[in-house]
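Visitor: Below is a structure I'd like to ask you about.
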Amino acid sequence: MVGAVAVSNGLGFALGVAAPQGRGEGLASHSASQLVSVRRKESGKLAVVSSGRRGVVRADALPSSQEVAESVPGATAVTLEEVATDSAKPNSPSNGPIAPKKSRNGDIREEARRQCAGSEPTTFSAKYVPFAPGVETDEEYSLDEVIYRSKTGALLDVKHDMEALKKAGDGAYWRKLFDSRVGKTTWPYGSGVWSKKEWVLPEIDDDDIVSVFEGNSNLFWAERFGKEVMDMTDLWVKHCGISHTGSFKDLGMTVLVSQVNRLRRLGKPLLGVGCASTGDTSAALSAYCAAAGIPAIVFLPANKISIAQLVQPIANGALVLSMDTDFDGCMRLIREVTSELPIYLANSLNSLRLEGQKTAAIEILQQFDWEVPDWVIVPGGNLGNIYAFYKGFYMCKELGLVDRMPRLVCAQAANANPLYRAYKDGWDTFKPVKALPTFASAIQIGDPVSIDRAIYALTQCDGIVEEATEQEIMDICAQADKSGMFTCPHTGVAMVALQKLRERGVIGSNDRTVVVSTAHGLKFTQSKVEYHSSELPDITSKFANPPISVADDFGSIMEVLRQKLSLR
Ligand SMILES: *Cc1c(COP(=O)(O)O)cnc(C)c1O
Numbered sequence: 001m002v003g004a005v006a007v008s009n010g011l012g013f014a015l016g017v018a019a020p021q022g023r024g025e026g027l028a029s030h031s032a033s034q035l036v037s038v039r040r041k042e043s044g045k046l047a048v049v050s051s052g053r054r055g056v057v058r059a060d061a062l063p064s065s066q067e068v069a070e071s072v073p074g075a076t077a078v079t080l081e082e083v084a085t086d087s088a089k090p091n092s093p094s095n096g097p098i099a100p101k102k103s104r105n106g107d108i109r110e111e112a113r114r115q116c117a118g119s120e121p122t123t124f125s126a127k128y129v130p131f132a133p134g135v136e137t138d139e140e141y142s143l144d145e146v147i148y149r150s151k152t153g154a155l156l157d158v159k160h161d162m163e164a165l166k167k168a169g170d171g172a173y174w175r176k177l178f179d180s181r182v183g184k185t186t187w188p189y190g191s192g193v194w195s196k197k198e199w200v201l202p203e204i205d206d207d208d209i210v211s212v213f214e215g216n217s218n219l220f221w222a223e224r225f226g227k228e229v230m231d232m233t234d235l236w237v238k239h240c241g242i243s244h245t246g247s248f249k250d251l252g253m254t255v256l257v258s259q260v261n262r263l264r265r266l267g268k269p270l271l272g273v274g275c276a277s278t279g280d281t282s283a284a285l286s287a288y289c290a291a292a293g294i295p296a297i298v299f300l301p302a303n304k305i306s307i308a309q310l311v312q313p314i315a316n317g318a319l320v321l322s323m324d325t326d327f328d329g330c331m332r333l334i335r336e337v338t339s340e341l342p343i344y345l346a347n348s349l350n351s352l353r354l355e356g357q358k359t360a361a362i363e364i365l366q367q368f369d370w371e372v373p374d375w376v377i378v379p380g381g382n383l384g385n386i387y388a389f390y391k392g393f394y395m396c397k398e399l400g401l402v403d404r405m406p407r408l409v410c411a412q413a414a415n416a417n418p419l420y421r422a423y424k425d426g427w428d429t430f431k432p433v434k435a436l437p438t439f440a441s442a443i444q445i446g447d448p449v450s451i452d453r454a455i456y457a458l459t460q461c462d463g464i465v466e467e468a469t470e471q472e473i474m475d476i477c478a479q480a481d482k483s484g485m486f487t488c489p490h491t492g493v494a495m496v497a498l499q500k501l502r503e504r505g506v507i508g509s510n511d512r513t514v515v516v517s518t519a520h521g522l523k524f525t526q527s528k529v530e531y532h533s534s535e536l537p538d539i540t541s542k543f544a545n546p547p548i549s550v551a552d553d554f555g556s557i558m559e560v561l562r563q564k565l566s567l568r
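Here's what the structure looks like:
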């Protein structure tokens, strides 16, 4: 047995000590088979923080890291990197008495295969049905069919055998099962999406799954932003964009690409997967296809997108076709091509993606220890995600994990607000609009594919729709960033919706509220740069914090510091 001690001299240098278990005293016996970090205090004392136990143990008068090494009989000095890799190895003896059950060669897929061998086939199942709540129909399709719409052209929905899921166990059973899978590397449950596999694609072989262990994203307590900007104590941001390719699209794409992987293995002649999005969808598609070695084909309008939007599919090796048209033109062309060639269409009407996206809702409940928040605010464009959140919450209620639904708010950019207009009209009429450019470019959609899904979701949970102007979006992003976040404009749209509902008193100051952040702010830096340089046309940069240019001499710098830090 080898214990590991990491010693920092307080200057950022570190060395590790490996001690044989049960030998030595003080530090060594304390640290055997645990990872312990020792930091030298200014007083010359060391605080020993054990990761395996609660609390802090002080080891007095251990003057230097070198002496720590010498004070442990039989110890040999190792670098911190070795400590890190050793403790990360599944079969490392430092894992202690908890028997490691991972395969020696680290192939977690192979390990999953062995664990599965001999187990009963699943009793859970799911199929495609037309999306028509309340309408009886016999029309249904296997998930192994390549089909995007019903006979009448309606959207499809993935329908689970809820009776089988209910029979497997009550709410406590599912809560316990899902909780047991968080934070592990077991294939495929290390993924936030696949840790809910029975509710996502129950019949897929673990072996066919294409995952980069997406999901399990941070639920961030927006303490300062909540108190100072929103006058709220219980405000949270679900950071779905702190993810593999920087947006929540990963959650859906792991499901779609896994199913395509399965279809190819079943012998369906699928050449690859195609899409006509410029932004987050093509990035996610390209990454998952690359992980599985499946060709990805991306249609982009020439000269209409930024380098940032272009670079992810290029880097991931997708076949990127650039053509002289706009997005709608690309969409029309890829539809024509996919009806001619066996290329699977990863567009936004695809209902498989929503099965992955809904796990973000389940995760929120799980992260609150299965307490239901009062409000969840989601920015919406094509409106699949708002329905996915509804479905995730609904399944948790239906299967007894929680006893109620949160109220959902869908937030739209005022420049692309067809859902907002329909809501204001009492849902009586829906009219597509011509979407104008918005900083929240992923939701610049005037004729959303999932409009029926969104209206259904919102009417079922007493939902609300709000809108945000470009000025409001940029200001709230700057305010959120000043409290330590780095928000994308879509997240800003949701925050503006919150602000308006707070001002109107609809959302109370103690209501537990979750804002869903859909992308990483680092994907959308251009508008931030221009905001802080006050260069955005028609936008007043109220919260700008531009860099101050200053001559490279001591006097000038001191002058600026005196002024800015109010020194005399
Ligand atoms: C796709 C996307 C959305 C919109 O989701 P819909 O399901 O189309 O409503 C919002 N924000 C970001 C960052 C996105 O990529």
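When the count follows UniProt numbering, it moves up by one through the sequence shown with no breaks and lands on 568 for the last residue. By construction, the Cβ of each residue, glycine as well, lies at the ideal position given by its N, Cα and C atoms. Because the structure is a prediction, the values reported are computed rather than measured.
Could you give the residue range of the alpha helix (DSSP H) that holds Arg-504?
Guide: Along the sequence shown, one-based indexing puts residue 504 at 504. Element bounds for Arg-504: n/a, residue is neither H nor E.
Visitor: Is Lys-151 helix, strand or coil by DSSP?
Guide: The residue you call residue 151 lines up with position 151 of the sequence shown. Coil.
Visitor: In its own chain, which residues sit with a C-beta less than 7 Å from the C-beta of Arg-181, not counting the 5 before and 5 after it?
Guide: Here residue 181 refers to the residue found at position 181 of the sequence shown. If we look at Arg-181 and ignore the five residues flanking it on each side, its Cβ neighbours are Tyr-189 and Ser-195.
Visitor: Around the Cβ of Arg-109, are there at least 16 other Cβ atoms within 10 angstroms (buried) or fewer (exposed)?
Guide: Translated into positions along the sequence shown, residue 109 becomes position 109. Exposed is the call here.
Visitor: Quick check: the stretch 519-535 against the stretch 445-456, are there 3 or more CB pairs under 8 Å?
Guide: Because the criterion of three Cβ pairs below 8 Å is not met, the stretch 519-535 and the stretch 445-456 do not touch.
Visitor: Helix, strand or coil: how does DSSP classify Phe-389 here?
Guide: Within the sequence shown, residue 389 is the residue found at index 389, counting from 1. In this structure, Phe-389 counts as helix in the three-state DSSP scheme.
Visitor: Mapping the DSSP letters down to three states, classify Gln-312 as helix, strand or coil.
Guide: Locating residue 312 in the sequence shown gives position 312, counting from the first residue. In the structure shown, Gln-312 sits in a helix (DSSP, three-state: H, G or I).
Visitor: Less than 6 Å between C-beta atoms, sequence neighbours within five positions excluded: which residues of the same chain meet that for Pro-313?
Guide: The residue labelled residue 313 in the question sits at position 313 within the sequence shown. Once the five neighbours on either side are set aside, the close Cβ partners of Pro-313 are Ser-282, Ser-286, Val-298 and Val-320.
Visitor: With Glu-466 as the anchor, note down where its alpha helix (DSSP H) starts and where it stops.
Guide: Working through the sequence shown from its first residue, we reach residue 466 at position 466. Segment 464-468 is the beta strand (DSSP E) holding Glu-466; no alpha helix (DSSP H) there.
Visitor: Per DSSP, which residues does Met-323 bridge with? Please list them.
Guide: In the sequence shown, the residue the question calls residue 323 occupies position 323. Met-323 is bridged to Pro-301.
Visitor: Verify whether the separation of the beta carbon atoms of Val-210 and Ser-142 is less than 8 Å.
Guide: Working through the sequence shown from its first residue, we reach residue 210 at position 210. Working through the sequence shown from its first residue, we reach residue 142 at position 142. No, Cβ-Cβ distance for Val-210 and Ser-142 is not below 8 Å.
Visitor: Give the straight-line distance between the Cα atoms of Met-474 and Asn-105, rounded to the nearest whole angstrom.
Guide: In the sequence shown, the residue the question calls residue 474 occupies position 474. In the sequence shown, the residue the question calls residue 105 occupies position 105. Rounded to whole angstroms, Met-474 to Asn-105 spans 50 Å at the Cα level.
Visitor: Using a threshold of 7 Å, is the CB atom of Ile-386 nearer than that to any non-hydrogen atom of ligand 1?
Guide: Looking up residue 386 in the sequence shown gives position 386. Flag set: Cβ of Ile-386 near ligand 1.
Visitor: Mind pulling the alpha helix (DSSP H) runs of 4 or more residues that sit fully within the stretch 130-183?
Guide: List check, alpha helix (DSSP H) in window: 162-168 and 171-181.
Visitor: Report whether the distance from the Cβ of Lys-564 to the nearest heavy atom of ligand 1 is below 7 Å.
Guide: Here residue 564 is taken as the residue at index 564 of the sequence shown, counted from 1. Checking the Cβ of Lys-564 against ligand 1 gives no.
Visitor: Looking at Ala-346 and ligand 1, is the gap between the Cβ and the nearest heavy atom below 7 Å?
Guide: Here residue 346 is taken as the residue at index 346 of the sequence shown, counted from 1. Ala-346: no, Cβ never under 7 Å from ligand 1.
Visitor: Report all residues from its chain with a CB closer than 7 Å to the CB of Thr-438; omit the five preceding and five following residues, and keep chain order.
Guide: Here residue 438 is taken as the residue at index 438 of the sequence shown, counted from 1. The answer, listed in chain order, is Ala-413, Asn-415, Ala-416, Gln-444 and Glu-470.
Visitor: Does the stretch 358-366 touch the stretch 148-161, meaning 3 or more C-beta pairs lie closer than 8 Å?
Guide: Contact between the stretch 148-161 and the stretch 358-366 is absent, because fewer than three Cβ pairs lie under 8 Å.
Visitor: Distance, Cα to Cα, Asp-425 vs Thr-459?
Guide: Taking the first residue of the sequence shown as position 1, residue 425 is located at position 425. Taking the first residue of the sequence shown as position 1, residue 459 is located at position 459. The straight-line gap from Cα to Cα measures roughly 13 Å.
Visitor: Taking the straight line between their C-alpha atoms, what separation do you get for Ala-494 and Ile-305?
Guide: Along the sequence shown, one-based indexing puts residue 494 at 494. Along the sequence shown, one-based indexing puts residue 305 at 305. Between Ala-494 and Ile-305, the C-alpha separation is close to 24 Å.
Visitor: Pull the bridge partners of His-520 from the DSSP assignment, please.
Guide: Position 520 of the sequence shown, counted from the start, is the residue given in the question as residue 520. For His-520, which the question treats as bridged, DSSP gives the partners Thr-487.
Visitor: Excluding five sequence neighbours on each side, which residues of the same chain lie with their C-beta closer than 7 Å to the C-beta of Pro-370?
Guide: On the sequence shown, residue 370 is found 370 positions in, with the first residue counted as 1. Looking at the sequence itself, residue 370 is Trp, so the reference to Pro does not match. Cβ neighbours of Trp-370 beyond the five flanking positions: Arg-175, Leu-401 and Val-402.
Visitor: Heavy atom of ligand 2 less than 7 Å from the Cβ of Ile-443, yes or no?
Guide: Among the ligands in the structure shown, ligand 2 does not appear; only ligand 1 can be found there.
Visitor: When you compare only the Cα positions, how much space is there between Ile-178 and Glu-198?
Guide: In the sequence shown, residue 178 corresponds to position 178, counting from 1. In the sequence shown, residue 198 corresponds to position 198, counting from 1. For the record, residue 178 in the displayed sequence is Phe; it is not Ile. Rounded to the nearest angstrom, the two C-alpha atoms are 10 Å apart.
Visitor: Out of Lys-500, Phe-213, Ile-539 and Lys-151, which has the shortest C-alpha to C-alpha gap to Gly-252?
Guide: Here residue 252 corresponds to residue number 252 of the sequence shown, with the count starting at 1. Answer by Cα proximity: Phe-213.
Visitor: Does the beta-carbon of Cys-116 have 16 or more other beta-carbons within 10 angstroms, so that it is buried, or is it exposed?
Guide: Looking up residue 116 in the sequence shown gives position 116. Per the 10 Å Cβ criterion, exposed.
Visitor: Ligand 1 and His-239: does any heavy atom of the ligand fall closer than 7 Å to the residue's C-beta?
Guide: Here residue 239 is taken as the residue at index 239 of the sequence shown, counted from 1. False, no ligand heavy atom lies under 7 Å from that Cβ.
Visitor: Out of Thr-325, Asp-452, Tyr-390 and Met-405, which has the shortest C-alpha to C-alpha gap to Asn-382?
Guide: Residue mapping note: residue 382 aligns to position 382 of the sequence shown, counting from 1. Nearest of Thr-325, Asp-452, Tyr-390 and Met-405 to Asn-382, Cα basis: Asp-452.
Visitor: Quick check: Ile-334 and Ala-296, are their CB atoms within less than 8 Å of each other?
Guide: Numbered from 1 along the sequence shown, position 334 holds the residue referred to as residue 334. Numbered from 1 along the sequence shown, position 296 holds the residue referred to as residue 296. Contact flag unset, no.
Visitor: Count the other CB atoms, across all protein chains shown, that sit within 10 Å of the CB of Val-68; report buried if there are 16 or more and exposed otherwise.
Guide: The residue you call residue 68 lines up with position 68 of the sequence shown. Confidence at Val-68 is low in this model, with a pLDDT of 40, below 50, so its placement is unreliable and the value that follows should be read with caution. With 16 or more other Cβ atoms within 10 Å, it is buried.
Visitor: Between the stretch 548-564 and the stretch 479-495, are three or more C-beta pairs nearer than 8 Å?
Guide: No, they do not touch.
Visitor: Using a Cβ-Cβ cutoff of less than 8 Å, which residues in the same chain neighbour Leu-271 once the five nearest sequence positions on both sides are dropped?
Guide: In the sequence shown, counting from the first residue as 1, residue 271 sits at position 271. Within the same chain, Leu-271 has close Cβ partners Pro-295, Leu-341, Pro-342 and Ile-343.
Visitor: What do you get for Ile-147, buried or exposed, if any count of 16 or more other CB atoms within 10 angstroms of its CB means buried?
Guide: As a position in the sequence shown, residue 147 is number 147, starting the count at 1. Exposed: under 16 other Cβ atoms inside 10 Å.
Visitor: Is it right to say Arg-353 is buried, meaning 16 or more other beta carbons lie within 10 angstroms of its own, or is it exposed?
Guide: For the purposes of this step, residue 353 is identified with residue 353 of the sequence shown, where counting begins at 1. That one is buried.
Visitor: Between the Cα of Glu-398 and the Cα atoms of Lys-167, Ser-125, Arg-512 and Pro-121, which residue gives the shortest distance?
Guide: Residue 398 sits at position 398 when you count from the first residue of the sequence shown. Per the Cα distances, Lys-167.
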